[in-house]
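Just so you know, the sequences run in chain order A and B.
Using this note's numbering, the letters of the first sequence map in sequence onto residues 14 to 234.
Using this note's numbering, the letters of the second sequence map in sequence onto residues 8 to 219.
Virtual Cβ for every residue (Gly too), placed ideally from N, Cα, C.
Working notes, structure below.
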Amino acid sequence: MSAAFALLMRDMRLATRAGGSAALALAFFAAVAALVPLGVGADPVLLARIAGGVLWVGAVLAALLSLDRLFQTDFEDGSLDLLVLGPLSLESVAATKIAGHWLTTGLPLTLLSPLLALLFNLPPSGTLALVASLAIGTPAISAIGAIGAGLTLSVRRGGLIVPLIVLPLLSPAVIFGAGAVIGALDGLANGAMWLLAAFSFAAVLLSPFAVAATLRLNLSS
Amino acid sequence: MRVTGLVKLSADNLTCIRGERVLFRGLGFALAAGGALSVEGANGAGKTSLLRMLAGFLIPQSGTICLHHNGSDSFDPEDRRHTIGWLGHADGAKPQMSPRETLSFYARFYRGNADSTAGIDAALDAVGLGRAADLPSQYLSAGQKKRLALARLKISARPLWLLDEPLAALDTNGKALLRDAIAAHCAGGGMAIFATHDPLGLDCQTLTLGAP
Numbered sequence: 014m015s016a017a018f019a020l021l022m023r024d025m026r027l028a029t030r031a032g033g034s035a036a037l038a039l040a041f042f043a044a045v046a047a048l049v050p051l052g053v054g055a056d057p058v059l060l061a062r063i064a065g066g067v068l069w070v071g072a073v074l075a076a077l078l079s080l081d082r083l084f085q086t087d088f089e090d091g092s093l094d095l096l097v098l099g100p101l102s103l104e105s106v107a108a109t110k111i112a113g114h115w116l117t118t119g120l121p122l123t124l125l126s127p128l129l130a131l132l133f134n135l136p137p138s139g140t141l142a143l144v145a146s147l148a149i150g151t152p153a154i155s156a157i158g159a160i161g162a163g164l165t166l167s168v169r170r171g172g173l174i175v176p177l178i179v180l181p182l183l184s185p186a187v188i189f190g191a192g193a194v195i196g197a198l199d200g201l202a203n204g205a206m207w208l209l210a211a212f213s214f215a216a217v218l219l220s221p222f223a224v225a226a227t228l229r230l231n232l233s234s
Numbered sequence: 008m009r010v011t012g013l014v015k016l017s018a019d020n021l022t023c024i025r026g027e028r029v030l031f032r033g034l035g036f037a038l039a040a041g042g043a044l045s046v047e048g049a050n051g052a053g054k055t056s057l058l059r060m061l062a063g064f065l066i067p068q069s070g071t072i073c074l075h076h077n078g079s080d081s082f083d084p085e086d087r088r089h090t091i092g093w094l095g096h097a098d099g100a101k102p103q104m105s106p107r108e109t110l111s112f113y114a115r116f117y118r119g120n121a122d123s124t125a126g127i128d129a130a131l132d133a134v135g136l137g138r139a140a141d142l143p144s145q146y147l148s149a150g151q152k153k154r155l156a157l158a159r160l161k162i163s164a165r166p167l168w169l170l171d172e173p174l175a176a177l178d179t180n181g182k183a184l185l186r187d188a189i190a191a192h193c194a195g196g197g198m199a200i201f202a203t204h205d206p207l208g209l210d211c212q213t214l215t216l217g218a219p
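See the structure below:
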């Protein structure tokens, strides 16, 4: 356990340090969220309707920014070899790195989202649903994104391929996440939040095994 | 920390095919506790491939590798994860982390307990990095990063050291440090296998790859 904790702390420290990915993802998220109302126009009713969808897509894209480097830097500088030969199983290493990514990307995005919801004139009920859906759904972004990052590990310019692999797989999260916000606005219990939770739970539970397989594949080539 | 008590490493009838080319075939050796093995051969002869095979990264096309402990013989991942210390081409130094942070991390990661600050300082001083201990690793020279990798190998407390071109970028003093570290490791009952072009000046077995 303490080996996993040490790895988690190292990853979080690297992500929040100069040149790290955490601040970049937040800034990107804020920039996208600020740009959309400028493009769509100042129609408060329309903005409130699209807020959930736009902020969910923005969060997914912002999280993807840093995902392609999740294993890449460790692979290139030889750290991955050292992590594989450490006391943790490869599945545990994958789960730990996914947790580190979520804590430095998904969680800050979730915490920033109520502020950005103001730009969209989202009422309190919708904001609450947005924050809850992001809190529940962003772990799935980190988990599924990690599979894409593992698959493209030895591909040059893999950063461009990761979104192509990962975005289709994340569409359920966007559909249910945005659906939960719309449901809250309309006062409907549409069950989107439960489906999102189920999707996220399955993704987090299963992806470490898939990620470990992709890492094994890349290390043996 | 698990005490491994590795007594012997044996490899039997190993074949390595990279691309379409056979690098070696029918390769076998045995190394007992306290032994050192120098892997020699021309560029492209398969030295790195052999070391990566012994670390379990590469799967041999044929043959077996076995770690013999007191009472158990195996080569499963769980076993490797507590046995092998690795020093490869890439030194694993994060540009944003100082040598002190790097060593503290690996002490915790490999051994599960936080080393005392004094222990980390001593390890850094032993490889001549005392003055660069708090400098981000991006400012270190290639030789200094290699020294950091050596310090990491020493604190990882693994019985079997696999070293790929450990002499690269090291100065005369660094080479002596490395030789002494390997000698001390083997004298303490550990094993070391290294691929190198320059003789280390150690009393060791030699395995030449690519020989007819």
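Excluding the five sequence neighbours on either side, which residues of its own chain have a C-beta within less than 7 Å of the C-beta of residue i, listed in chain order?
i, result
"Gly-33 (chain A)", "Leu-27"
"Leu-59 (chain A)", "Val-53"
"Leu-164 (chain A)", "Ile-178 and Thr-227"
"Ala-49 (chain B)", "Gly-217"
"Glu-27 (chain B)", "none"
Tell me the rounded alpha-carbon separation between residue i and residue j.
i, j, result
"Ala-107 (chain A)", "Gly-113 (chain A)", "10 Å"
"Asp-98 (chain B)", "Phe-222 (chain A)", "27 Å"
"Phe-82 (chain B)", "Leu-74 (chain B)", "6 Å"
"Ala-39 (chain B)", "Asp-80 (chain B)", "14 Å"
"Ala-47 (chain A)", "Gly-192 (chain A)", "21 Å"
"Thr-90 (chain B)", "Pro-173 (chain B)", "19 Å"
"Ala-197 (chain A)", "Asp-171 (chain B)", "59 Å"
"Asp-210 (chain B)", "Ala-190 (chain B)", "9 Å"
"Pro-12 (chain A)", "Ala-148 (chain A)", "Limits of chain A in this structure are 14 at one end and 234 at the other, which puts residue 12 (chain A) out of reach."
"Ile-195 (chain A)", "Val-70 (chain A)", "15 Å"
"Gln-151 (chain B)", "Gln-103 (chain B)", "15 Å"
"Leu-177 (chain B)", "Ser-148 (chain B)", "10 Å"
"Pro-185 (chain A)", "Leu-166 (chain A)", "25 Å"
"Val-224 (chain A)", "Phe-64 (chain B)", "16 Å"
"Ala-16 (chain A)", "Arg-115 (chain B)", "6 Å"
"Asp-205 (chain B)", "Ile-66 (chain B)", "28 Å"
"Ile-188 (chain A)", "Thr-123 (chain A)", "17 Å"
"Ala-130 (chain A)", "Leu-167 (chain B)", "56 Å"
"Pro-219 (chain B)", "Gly-51 (chain B)", "Confidence at Pro-219 (chain B) is low in this model, with a pLDDT of 45, below 50, so the placement of that residue is unreliable and no value is reported for it."
"Val-45 (chain A)", "Val-144 (chain A)", "17 Å"
"Gly-35 (chain B)", "Asp-19 (chain B)", "4 Å"
Going by other Cβ atoms of all chains shown within 10 Å of its Cβ, with 16 needed for buried, is residue i buried or exposed?
i, result
"Met-22 (chain A)", "exposed"
"Arg-82 (chain A)", "buried"
"Asp-187 (chain B)", "exposed"
"Val-29 (chain B)", "exposed"
"Arg-169 (chain A)", "exposed"
"Arg-88 (chain B)", "buried"
"Ile-154 (chain A)", "buried"
"Ala-142 (chain A)", "buried"
"Tyr-113 (chain B)", "buried"
"Leu-214 (chain B)", "buried"
"Ser-146 (chain A)", "buried"
"Gly-200 (chain A)", "exposed"
"Phe-212 (chain A)", "buried"
"Tyr-146 (chain B)", "exposed"
Comparing the C-beta of residue i with each C-beta of chain B, is any distance below 9 Å?
i, result
"Phe-84 (chain A)", "no"
"Arg-62 (chain A)", "no"
"Leu-78 (chain A)", "no"
"Ser-102 (chain A)", "yes"
"Arg-30 (chain A)", "yes"
"Ala-202 (chain A)", "no"
"Met-239 (chain A)", "Chain A is shown from 14 up to 234; residue 239 (chain A) falls before or after that span and cannot be answered."
"Gly-113 (chain A)", "no"
"Phe-237 (chain A)", "Because chain A is modelled from 14 through 234, residue 237 (chain A) falls outside the range shown and cannot be assessed."
"Val-97 (chain A)", "yes"
"Arg-26 (chain A)", "yes"
"Ser-167 (chain A)", "no"
Please tell me whether residue i has its Cβ less than 9 Å away from any Cβ of chain A.
i, result
"Tyr-146 (chain B)", "no"
"Trp-93 (chain B)", "yes"
"Gln-103 (chain B)", "yes"
"Ala-97 (chain B)", "yes"
"Glu-27 (chain B)", "no"
"Phe-201 (chain B)", "no"
"Glu-47 (chain B)", "no"
"Glu-108 (chain B)", "yes"
Please go through the same chain and pick out, in chain order, the residues whose beta-carbon is closer than 6 Å to the beta-carbon of residue i, but skip the five residues on each side of it.
i, result
"Gly-161 (chain A)", "Val-175, Ile-178 and Val-179"
"Phe-31 (chain B)", "Cys-23, Gly-53 and Leu-216"
"Met-8 (chain B)", "A caution first: Met-8 (chain B) carries a pLDDT of 32, below 50, which makes its placement in the model too unreliable to give a value."
"Ile-200 (chain B)", "Leu-44 and Leu-169"
For residue i, collect the residues of the same chain with a Cβ closer than 8 Å to its Cβ; drop the 5 residues on either side in sequence, then sort them by chain order.
i, result
"Ser-144 (chain B)", "Ala-100, Lys-101, Pro-102, Gln-103, Met-104, Ser-105, Pro-106, Thr-109, Lys-152 and Leu-155"
Counting pairs of Cβ atoms below 8 Å between the stretch 173-185 of chain A and the stretch 11-21 of chain B, do you hit three or more?
Verdict: no, contact absent.
Do three or more CB pairs link the stretch 85-105 of chain A to the stretch 202-217 of chain A at distances below 8 Å?
At 8 Å Cβ cutoff, the stretches do not touch.
Is the stretch 131-140 of chain A in contact with the stretch 130-139 of chain B, if contact means three or more CB pairs nearer than 8 Å?
Touching, no.
Taking 8 Å as the threshold, find out whether the stretch 191-206 of chain B comes into contact with the stretch 110-120 of chain B through three or more Cβ pairs.
They do not touch, by the three-pair rule.
Any chance the stretch 59-79 of chain A sits against the stretch 42-52 of chain B, with 3 or more Cβ pairs inside 8 Å?
No contact exists between the stretch 59-79 of chain A and the stretch 42-52 of chain B.
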